[in-house]
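Protein chains in written order, with our numbering: chain W, 1 to 338; chain G, 1 to 338.
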């Protein structure tokens with residue numbers, strides 16, 4: 001087996017996995033947002049017909065998998081491994097979805113970096129010869145996240161301006177060893193980075209150092225700069241975190257202007273939608289990639305994207321125990337080949 | 001890249017990863033148990049000198065990594081990827097340990113199957129050419145698990161006879177592309193299996209069908225029977241789950257007697273230690289593998305082991321919402337080569 005790695009953190013895939021198809025599912029706020037036309041399903045019922053928000057999350061994932069499989073003309077038996085996870089305690093959104101699928105399953109916890117982590121591991125599985133087709137999947141839900149991380153919604157807690165709005169949505173991607181579509185060419189595995197942010201309502205600032213760390217390493221490992229990409233997009237740093245990443249690179253003399261965006265900023269209209277610093281949650285980068293960005297690549301608007309999933313590795317318990325919030329970021333290079 | 005897969009669920013590693021070294025850390029109950037002599041560190045202080053049980057879990061993992069690296073004469077910079085996770089909400093035991101390590105990190109949630117899942121993904125990384133050396137790691141803690149899954153200990157809740165005792169411990173394994181030691185030859189990725197068990201105090205019965213499913217598939221994919229191994233060991237089914245797996249195979253006309261054991265039964269003395277159905281938790285199979293079993297292989301007492309991590313994919317929320325408990329099991333074949 002030949003080496004598929006370069007530098008300290010970056011994998012370079014010799015057999016480049018194809019993004020065969022994707023599916024994006026969203027809720028009411030996403031329906032009202034600027035990217036609504038690129039979703040496969042949008043449901044204004046936040047419970048998706050289920051008796052609880054947690055079951056709604058399972059339902060969104062089921063819908064995303066089913067849609068992605070249909071679009072690829074595949075059945076669940078055609079999938080060799082499914083990589084997925086979510087934000088719920090013990091990742092029950094994903095586990096309960098898998099009950100009905102009979103697909104070999106490897107569960108992940110990468111907080112809001114899960115879409116990138118699942119694509120990274122799925123690419124390893126395919127390029128290493130361990131699978132013909134894999135699924136990478138995740139979800140988040142505004143109401144289940146608020147209840148779990150902050151306060152039950154009925155308390156009517158005030159949200160500070162740095163707070164972000166957890167996306168209600170699920171993204172699912174089918175990767176194949178053969179076929180046509182954009183290909184995953186490289187991936188940089190992130191390290192846990194903690195610059196001491198203790199405000200659980202400021203996840204953008206907590207995750208920005210991890211994004212900066214992984215991007216810096218990605219450029220170094222591959223000996224490239226931001227201009228190697230049409231678009232570099234972080235997962236869910238929001239307005240504040242996006243600004244911090246730009247500032248950190250500016251200090252290093254690296255201009256990110258023009259090429260750098262953030263899914264948390266893209267998914268909502270900050271003038272008309274009251275989301276404060278932007279969107280967040282596993283579903284945020286998942287639906288922006290599996291909805292808007294994938295279709296932009298198919299339409300050749302972007303040819304080379306660096307998709308950087310960002311996660312804040314806190315829990316309510318760690319916050320109560322006065323811990324700071326570590327972050328992580330995994331970067332996935334996706335390229336349209338001729 | 002050639003195919004490293006056979007049948008529906010089994011990976012066959014062309015470049016067999018070497019289990020270079022392991023480390024096992026345990027607490028008071030493990031110190032009093034029959035496998036105590038094979039631990040690297042045993043601390044009767046359940047808080048491991050920390051102010052909380054959650055921080056104790058991080059401390060156990062730190063100690064396990066540090067010990068494993070020292071035993072292998074390696075530093076954290078020599079490790080290309082660390083795969084790990086735990087049972088705590090949002091896996092904070094592992095994430096917070098990684099803050100100090102600067103190792104590329106991929107977080108997992110596989111409930112008590114995490115040791116097997118991390119070995120499986122670590123083996124994929126090495127055999128696929130993505131890493132020279134990886135770490136697979138997990139932990140659990142009796143007190144943090146009781147507080148999170150059941151009741152705070154101070155409530156003095158009664159435990160039914162089917163209940164298991166969460167192991168306080170952490171196991172860490174260093175896998176290498178080169179070197180000497182037992183090798184990982186194959187691995188079977190589990191599916192989520194749910195036979196409808198709703199008793200959150202009977203995890204053995206909930207996980208047994210998953211173990212039966214994965215073992216059956218492993219035998220089928222490789223066209224072998226249980227006699228291909230010196231020892232088949234499940235993670236933490238305990239007395240009841242172990243019995244169920246034996247019964248299910250007996251119905252298929254397959255005798256597991258003599259070759260089949262369970263880490264949850266092995267780790268405690270059921271006559272003198274009041275653990276009811278046996279041990280459980282991510283730490284259970286992790287310390288039995290990284291302590292007792294690894295050393296037995298080095299001493300040639302076992303030459304070919306099938307290590308089957310088992311996980312119950314429930315959360316307190318899913319139980320409150322009247323859901324049944326799905327299980328999962330991943331199997332890892334470890335072989336001593338001449």
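The C-beta atom is built at its ideal place from N, Cα and C for all residues, glycine as well.
All figures in this text were calculated on a predicted structure; none of them were measured in a lab.
Nearest to residue i (by Cα), restricted to the options the options
i, options, result
"residue 103 (chain W)", "G:77, G:72 and G:213", "G:213"
"residue 72 (chain G)", "G:45, G:80, G:22 and G:62", "G:22"
"residue 12 (chain W)", "G:130, G:17 and G:10", "G:130"
"residue 308 (chain W)", "W:317, W:318, W:114 and W:331", "W:331"
"residue 126 (chain G)", "G:259, G:279 and G:184", "G:184"
"residue 234 (chain W)", "W:254, W:220 and W:209", "W:209"
"residue 294 (chain G)", "G:2, G:95, G:19 and G:8", "G:19"
"residue 259 (chain W)", "W:304, W:218, W:236 and W:253", "W:304"
"residue 206 (chain G)", "G:70, G:92 and G:310", "G:310"
"residue 133 (chain W)", "W:43, W:153, W:78 and W:42", "W:78"
"residue 174 (chain G)", "G:136, G:313 and G:167", "G:136"
"residue 288 (chain W)", "W:312, W:201 and W:116", "W:116"
"residue 333 (chain G)", "G:257, G:254, G:188 and G:194", "G:188"
"residue 8 (chain G)", "G:27, G:219, G:29 and G:290", "G:219"
"residue 85 (chain G)", "G:67, G:69 and G:62", "G:62"
"residue 80 (chain W)", "W:254, W:164, W:271 and W:101", "W:101"
"residue 144 (chain G)", "G:50, G:270 and G:242", "G:50"
"residue 160 (chain W)", "W:200, W:167, W:182 and W:147", "W:200"
"residue 215 (chain G)", "G:254, G:179, G:238 and G:68", "G:254"
"residue 237 (chain W)", "W:224, W:167 and W:217", "W:167"
"residue 162 (chain G)", "G:48, G:155 and G:274", "G:274"
"residue 301 (chain W)", "W:276, W:286 and W:336", "W:336"
"residue 195 (chain W)", "G:96, G:28, G:29 and G:296", "G:96"
"residue 46 (chain W)", "W:28, W:40 and W:39", "W:28"
"residue 276 (chain W)", "W:256, W:176 and W:165", "W:165"
Beta-ladder partner(s) of residue i, from DSSP
i, result
"residue 262 (chain G)", "G:234"
"residue 6 (chain W)", "W:10"
"residue 188 (chain W)", "W:10 and W:331"
"residue 196 (chain G)", "None, per the DSSP bridge assignment."
"residue 84 (chain W)", "W:107 and W:137"
"residue 279 (chain W)", "W:165"
"residue 42 (chain W)", "W:26"
Residue i - containing alpha helix (DSSP H), residue span
i, result
"residue 213 (chain G)", "203 to 222"
"residue 378 (chain W)", "This structure cannot settle anything about residue 378 (chain W), because the visible part of chain W is limited to 1 through 338."
"residue 305 (chain G)", "Per DSSP, residue 305 (chain G) belongs to no alpha helix (DSSP H); it is in the beta strand (DSSP E), 304 to 312."
"residue 32 (chain G)", "From DSSP, residue 32 (chain G) is part of no alpha helix (DSSP H); its letter is neither H nor E."
"residue 68 (chain G)", "53 to 71"
"residue 316 (chain W)", "316 to 320"
"residue 92 (chain W)", "92 to 98"
Residue i beta carbon near the ligand MN (any heavy atom closer than 8 Å)
i, result
"residue 170 (chain G)", "This structure lacks the ligand MN, and indeed carries no ligand of any kind."
Residue span of the beta strand (DSSP E) that contains residue i, given as start and end
i, result
"residue 180 (chain W)", "Unbroken run through residue 180 (chain W): none, as it is neither H nor E."
"residue 172 (chain W)", "169 to 176"
"residue 112 (chain W)", "First-last for residue 112 (chain W): undefined, no H or E at that position."
"residue 290 (chain G)", "It is not in any beta strand (DSSP E) - residue 290 (chain G) carries neither H nor E in the DSSP assignment."
"residue 20 (chain G)", "18 to 26"
Would you call the stretch 25 to 36 of chain G in contact with the stretch 257 to 270 of chain G, where contact means no fewer than 3 C-beta pairs closer than 8 Å? yes
For the stretch 318 to 334 of chain G against the stretch 85 to 97 of chain W, are there 3 or more C-beta pairs whose distance is under 8 Å? yes
Segment contact flag, the stretch 50 to 57 of chain W with the stretch 114 to 128 of chain W, C-beta cutoff 8 Å, min 3 pairs: Cβ pair count under 8 Å is below three, so no.
Mind the definition here: the stretch 138 to 153 of chain G touches the stretch 278 to 298 of chain G only if three or more C-beta pairs lie below 8 Å; say whether that holds. yes
Is the stretch 224 to 232 of chain G touching the stretch 143 to 156 of chain G in the sense that three or more CB pairs, one from each, lie closer than 8 Å? No, they do not touch.
Would the stretch 322 to 329 of chain G and the stretch 189 to 206 of chain G be scored as touching if the rule is three or more Cβ pairs under 8 Å? yes
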